[in-house]
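Protein chains: 2
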Amino acid sequence: MTERTVFFLSDQTGVTAETLGHSLLTQFNGQDFRQLTLPFIDSDDKAQEAVTRINEAAESDTNRPIVFSTLVQDNLRNIVREGHGLFLDIFDVLLEPLELELQQESTHEPGRAHGMSDIEAYMRRIEATNFALANDDGGISRNYEMADVILIGVSRSGKTPTCLYLALQYGVYAANFPLTDEEFESGKLPDILVEQKAKLFGLTIAPQRLRHIRKERRPLGKYSSAQQVRFELRESEKLFKRYGIANVDTTEFSIEEIASRILDSTGVERRVRA
Amino acid sequence: MTERTVFFLSDQTGVTAETLGHSLLTQFNGQDFRQLTLPFIDSDDKAQEAVTRINEAAESDTNRPIVFSTLVQDNLRNIVREGHGLFLDIFDVLLEPLELELQQESTHEPGRAHGMSDIEAYMRRIEATNFALANDDGGISRNYEMADVILIGVSRSGKTPTCLYLALQYGVYAANFPLTDEEFESGKLPDILVEQKAKLFGLTIAPQRLRHIRKERRPLGKYSSAQQVRFELRESEKLFKRYGIANVDTTEFSIEEIASRILDSTGVERRVRA
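If you read the sequences in order, they're chains A and B.
Reminder that position 132 of the first sequence reads as 150 in the working numbering, one-by-one numbering, no gaps.
Reminder that position 98 of the second sequence reads as 116 in the working numbering, one-by-one numbering, no gaps.
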């Protein structure tokens, strides 16, 4: 039996409703929610369908549903509001003070936030993603002149997901380069990186965590041995120190946190905000 | 001269404040905002620093700043509230009804939304990202049994960014396979795809848009010629029809929209909500 269902209602993707709703719910410990996103509610019929699902959950669950909504069209909001749940209209409470401040009525047009209203922004995100892929793991292109930031660190320290997130979320051009025995033995970074020293940012991670991650990939052998992991991390941190490269320990951080810390520390500008 | 500055204040990454603030601002046309994210405000000093920056903008801009805040600690909120701007506290207005409904006080602890509170969720996102990379573009692994969904479509129809977004945002395992002359000439999909037919989802795109995107990559030659682009799209749509594969036209859609439509159409569950 489900204790309680949480609905994310949107006339578009549902990303805003999910993001905010999720943030709010993490403020309550020990609650167990079933989460359902109902996107693309753009007609009376679909709004009615959402009400049906909300009411079904109200019937079957122990507690009434919580409904996070970012619907902007009044006719749809009025329908959905009839559902048997706690209705939290995200725009309701914040649009009015904004209208007053900007001395302008809001458009009440759906789907502008994560839509294609800004094709430029879309292209920038796609291009940044392609850049991240082409410049992943010291990859073929090594087009470091175009990079906003170049992440360096040992294998599985979080470089690739962070670069992809920076590209998709912010349109930032992030390359990454893996530190390996070559750098550790010479104690030097390759010239191609030294030339771009101002763009370098280091990732490090606790040895225990790194072993755990590496074992998922290759359970046996030197790659995930305690000795090797400790050696690589020690040497990479020496390199950060020697070259004066800002760095972050990713052990306790999510992808969003690593990305935000990098932007905060380097001052690289978000090209878009998804 | 800047008309108006918008601040996104957070004790953590700022993602929630940015996402919601951005959604709200798109409801107002013709306004020009300078946008600044101030993340990791976790001390009185940092809150004071934010106030200084808000007040500087209030001095130099034509209009007073708008401040979206997701700060949860009362001492920090009280400091920031003193800044000379329109202060919109996202949690303020929505936490109270939730507390009443759940009959529980919120923790007022920072950084739970995009933090590492849920290491499982973090690992799932990383693993899904690695899966997307390994199974990109009909790549080496072709581990389609593990996939939640397999996107098919011509080169540059949006497969790769969509797969990466599904992985990072929702922990969904998304593979993709490019449709090329091999499929078009035989009029058939390879067995490895037919075996997983229930997981297939097609992407298509308007010829004009596809040419534009392809020209960014390779300005000359057959790849971006009008004839070739039209041929590939026509043939790929024939394949969708022949095999009864649900598909979406990505021309007018952002990455978020494509991803949401795929999840909505296939019923694939979000494994996490970032």
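The C-beta atom is built at its ideal place from N, Cα and C for all residues, glycine as well.
Per DSSP, reduced to three states, the secondary structure at A:Phe86 is strand.
Collapsing the DSSP output to three states places A:Thr178 in a helix. Residue-level contact by beta carbon fails for A:Gln91 and chain B, as no gap is shorter than 9 angstroms.
Below the 8 angstroms Cβ cutoff, chain B contributes Ser272, Ile273 as neighbours of A:Tyr140, in chain order.
Contacts with chain B (Cβ-Cβ distance below 8 angstroms) from the stretch 91-111 of chain A involve Leu104, Leu106, Ile108, Phe109, Val111, listed in chain order. Using a CB distance cut-off of 9 angstroms, A:Glu234 counts as an interface residue toward chain B. Under the Cβ distance rule, A:Glu67 does not count among the residues neighbouring chain B, no pair being separated by less than 9 angstroms. Where A:Gln53 is concerned, the enclosing beta strand (DSSP E) starts and stops at 51-56. The Cβ of B:Phe149 sits no closer than 9 angstroms to any Cβ of chain A.
Assigned with DSSP and collapsed to three states, B:Arg252 falls in helix. Burial is judged here by how many other beta carbons sit within 10 angstroms of a residue's own beta carbon; A:Glu74 has fewer than 16 and is exposed.
Among the CB atoms of chain B, one or more fall inside 9 angstroms of the CB of A:Gln45. Closest in C-alpha terms to A:Gly48, from the list A:Arg22, A:Glu36, A:Phe58, comes A:Arg22.
With respect to the 9 angstroms criterion, A:Ser278 and A:Leu221 are not classified as neighbours on the basis of their beta carbons.
Nearest in C-alpha terms to B:Ser28, of all of A:Ser41, A:Asp29, A:Asn161, A:Phe25, is A:Ser41. Contact with chain B is found for A:Arg279, since one of that chain's Cβ atoms lies less than 9 angstroms from the residue's Cβ.
Inclusion of A:Val33 and B:Gln187 in the CB contact set at 9 angstroms is warranted, their separation being smaller than that value. DSSP lists B:Ile170, B:Asn265 as the beta-bridge partner residues of B:Gly220.
With respect to B:Val172, B:Glu250 sits close: the two C-beta atoms are nearer than 9 angstroms.
Around the C-beta of A:Lys259, fewer than 16 other C-beta atoms lie within 10 Å, and the residue is accordingly described as exposed. Cβ-Cβ separation between A:Ser87 and A:Ile72: approximately 10 angstroms, too far for a contact (criterion under 8 angstroms).
A contact is defined here as three or more CB-CB pairs under 8 angstroms, and the stretch 55-66 of chain B fails this definition with respect to the stretch 93-104 of chain A.
Using a 10 angstroms sphere on the CB of B:Asn153, the tally of other CB atoms reaches 16 or more, which defines it as buried. At a Cβ-Cβ threshold of 9 angstroms, A:Ile263 and A:Ile170 count as neighbours. Every unbroken stretch of the alpha helix (DSSP H) spanning 4 or more residues and falling wholly within the stretch 64-129 of chain A is given here in chain order: 92-98, 108-120. B:Ser283 has its alpha-carbon roughly 31 angstroms from the corresponding atom of B:Ala244. Our two residues, A:Asp267 and A:Ala192, have alpha carbons roughly 18 angstroms apart in a direct line. DSSP places B:Thr23 in the uninterrupted beta strand (DSSP E) bounded by 22-27.
One thing to note: A:Leu43 has its Cβ within 9 angstroms of the Cβ of A:Phe51. Nearest neighbour of A:Asn93 by Cα position, chosen from A:Leu118, A:Arg82, A:His126, turns out to be A:His126. About 5 angstroms separates the CB atoms of B:Pro57 and B:Thr31; that is less than 8 angstroms, so the two are in contact. Rounded to the nearest whole angstrom, the C-alpha separation of A:Lys206 and A:Asp155 is 18 angstroms.
Below the 7 angstroms Cβ cutoff, chain A contributes no neighbours of B:Arg71, its closest Cβ being approximately 13 angstroms away.
Using a Cβ distance threshold of 9 angstroms, B:Glu201 and B:Ser242 do not count as a contacting pair. Distances from the CA of A:Tyr162 to each of A:Val90, A:Gln214, A:Val247, A:Phe46 were compared; the closest alpha carbon is that of A:Gln214. Listed in chain order, the non-local C-beta contacts of A:Arg232 below 8 angstroms within the same chain comprise Ser173, Arg174, Tyr241, Ser242, Val247, local neighbours out to five positions each way being set aside.
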